[in-house]
Structure formats: structure tokens, C-alpha cells
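Under my numbering, the sequence shown has 363 at position 363, and the numbering climbs by one with no breaks.
Let me begin by presenting the structure, written as C-alpha cells, before commenting on it.
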Amino acid sequence: MLENLLWLFAGAVLGVALDRVWDPVWQRFAGTLRRRRSAGRVRTDATIHATVPQAYRSAGLGDSLIRASALPSLDMPMLFDESLSVSADAATGRVPFVLIDDPVRREFPVDRGVIRAKRASGAELWDGDVLYLVSAAIDEAGAGHVVRSLRVGVANYFSYVTVSNAWKSRMTCRGSDWLHGSPYRSLLSLLADPPMPLAIAAVAVCVFETGDGLRIPVATRSEAVVNGMGRAGLIPTFGLESNVKAGQASRFDVLTYNFLKEFMEEMFGYEPLIHEADSGRLDPDAIFGNPMGELLLAQFADGRARLEIAGISGELTDGTLTILLDARFTDPEFYLAVRRAAKPNFEWRADGDSREPIVFHDAGDLLSGRSQVLGRLTPSSFIALELWARRSTAPGASRREP
């Protein structure tokens, strides 16, 4: 009996010792494997970024892509149409641009293997909501078209991840002939015949008046995101969610609600908002019940901030429809408050030797093309900045420049 007890004790001690040795070894191995998988995603994104413009040119569809005129001319995998504009009332927020047809979430197919693979490579994923395009209200206007509104539905976020992964596989493994029969052959065809689900995202050029010139915040996207890892991006960059929670609608329209929410999450690191907004237990506007949220809302209420739609585009690195926004903040004191509180969430990381994860770039350096960050921008951030630069340098743009 004593001998058996001694053997059990020895086994327990040995087990504890092996656990202490094995755990660090396993952690190092798992970390190395995750970093390698993450690097693989970065390489895939880089390949798509480089090959999409070439594929469109090979298919004779190069004119469907953005051509920069205000910023340095770079090949960007973004659908754009110079003759397609957003109606003035929608652009300035006088009428809602994004309208939810049905707030009840629709479950589209999900590839669980893709979700597991993304998580294994460091992506932080949970199945929240994302808005998808149902239809677009488009009118002819002279030689072009005007988009009056987007009718949208609510989908499961994992369906976007699944569709995005399939899109990337198609762009890296197939030729270009199939593009002629695809909704992605042009921005107008994408709006007229959207695939299901076509997730909707947005990116905002936030311009702060500082008393010493204009500043625009840019940061580097972390390994935790699904798209654009390691590239520089404007803050905020986000997928659109519903502004209806537990049957109660926000007092803000869909686009404004999402901008305000994401500004707080990405600029101030308010990560609890991410899951609280999805919980279904809150008044959707309860997320603004904190000092920085109240300060942000006060800027708009007092006329010291405005949000406008600059245009829309198609993001060809993940197959989403992207709304391009301009946000202008005219109070230098608010800029100082933002600088003091700036602390990005998990979607962003410090880049190189920078002590500031969020870098507030001089707008003049960006407009002149002197800033090296331009070549590192995500496609959607580049086109948003391009449209802002066009408007800022156009005749009669003095109201936008102090």
C-alpha cells in the first residue's frame, strides 16, 4: 500500500514538473505557428493588392479602377466611377444615405474551417452583425448617375469573412476573363446587381484644425484584423453595423451612428463597446454615456464638427462596398483632448519605432505627396484621402481650408 502511494505521489510530482516545462515550450511553438500563419495572410493580401489592377487591365477593365489625380498615381485595387456621385442631400446628411430594410439578422452560409484558420493566425473574430447591400437607389444625371440611398440588411459577420476569403482565393487562383460576367466588372454593376452578401464598410478622413495647420490621424492595422494587416489606415476604418438594438433604434442615422461609435472605439480604445453594442441588452445610444462620448457629441451639436459623404467605391482586396467619409473638427481644444486620450483598440498597433500608435500627419505633407505613409495606405484609405485632396484643392474650396 505504501509503495503504491509513493508511486502515485511521484507521478503527481512528475506531472506537475512536466506541465511547467511543457507549457512554455508549447506557448513558444504556438506563438511561432501563429506568427507564420499571420505572415501568410499578409503575403496573400500583398499579392492581391499587386495583382488585382493587372487582372483588370488584362480584362480590359482598367478604367473601372480609381486613377489618382490629386495624390501620387499608385495602382489601387478599388472600383471607382468618376461619373457616379452621391446626392447632395445624402452627402451632407440632410437625408439618411443608408436605410435598413429589415433589422432582423439574416444568416448566410459560413465556412467554419475558414473561421478556425483565421483565428489560428491571430485574427480576433466573433460573429457579430454586419450590414450588407440589398439594393441601391440610382438616378441618371446627365452623362452620369447619382446614388440617392443604399437599402441594406443585417447579416452574420462570419458570412462576410467566408465570402471575403472566397474572393481572395478567386483573385489569386484564376485568370481575368471571368471578370466580364462578374458584378465586380464596374462600380455601377456592383451597385445594380450586388452579390449576397455584399458587406458594407466605411473609412473616414478625420481632419482636425489645431491652430497650427490641419492634422489627419493614421495608424497601422494589426494582425488581429481580417483585411489590410500591416498596412497604414485612416482612423476610423470600419464595417457598418445596425443602429437598432433590442428593437430600439438610435437617435442617429445608420452612418452617423457607426462613425461616432467607431471613432470612440478606434481613437480611444473603448473596446468594451464592441461587445456591448452587440449584446442586445442596451439602448444603442448608451455607448455614448462617457466623458469622451459626450465631448464628441457636443462637437457636432455645437457645429464644431461635421460629417459628409465624399463618395463610394468597391474594395477589391476583400470584395466589400466602401463608403468614403470626410469628418471635419474645427475646435483646436477638441484636437488636444483627442491627442491626450488617444489609445487605439486591438485593430491597430504601434509601427516600428514610433512612440505614438496613432500618428497625426500634417495635411500639407499628405497633399503634397511628401509623406511616405501614402505608399503604405490601405486601398480604401488611399481613395478616401484622394477624394478629400481633390475637394481641398479644388477652386472654391476655401471653406474647407482655414
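C-beta atoms are modelled at their ideal positions from N, C-alpha and C, and glycine is treated no differently.
Fair warning: this is a prediction, and the values are worked out from it, not measured in the lab.
- Of Asp75, Asn165, Val98, Val110, the smallest CA-CA separation from Gly319 is found for Asn165.
- Secondary structure note for Ile115: its alpha helix (DSSP H) is the uninterrupted segment 112 to 120.
- For Arg251, the three-state secondary structure derived from DSSP is coil.
- DSSP, reduced to helix, strand and coil, places Pro217 within a strand of the structure shown.
- DSSP, read as helix, strand or coil, puts Leu65 in strand.
- Membership of Ser189 in the alpha helix (DSSP H) is indicated by the continuous run 187 to 192.
- Closest option to Asp81, judged by alpha-carbon separation, among Thr92, Arg67, Arg119, Arg251: Arg67.
- Scanning Ser242, Asp283, Glu209, Leu367 for the CA closest to the CA of Asp331 turns up Glu209.
- By the C-beta density criterion, Gly269 is buried, having at least 16 other C-beta atoms within 10 angstroms.
- Counting other Cβ atoms within 10 Å of its Cβ, Glu347 reaches 16 or more and is therefore classed as buried.
- With fewer than 16 other Cβ atoms from the protein chains shown falling within 10 Å of its own Cβ, Ser83 counts as exposed.
- In this chain, the alpha helix (DSSP H) harbouring Val338 covers 332 to 341.
- At a Cβ-Cβ threshold of 9 Å, Ile309 and Leu297 do not count as neighbours.
- In terms of Cα proximity to Gly128, the closest of Ala137, Asp365, Leu240 is Leu240.
- Contact between Arg231 and Arg221 holds: their C-beta atoms lie close to 6 Å from each other, under 8 Å.
- For Ala88, the enclosing alpha helix (DSSP H) has its first and last residue at 88 to 91.
- For Phe300, the enclosing alpha helix (DSSP H) stretches over residues 291 to 301.
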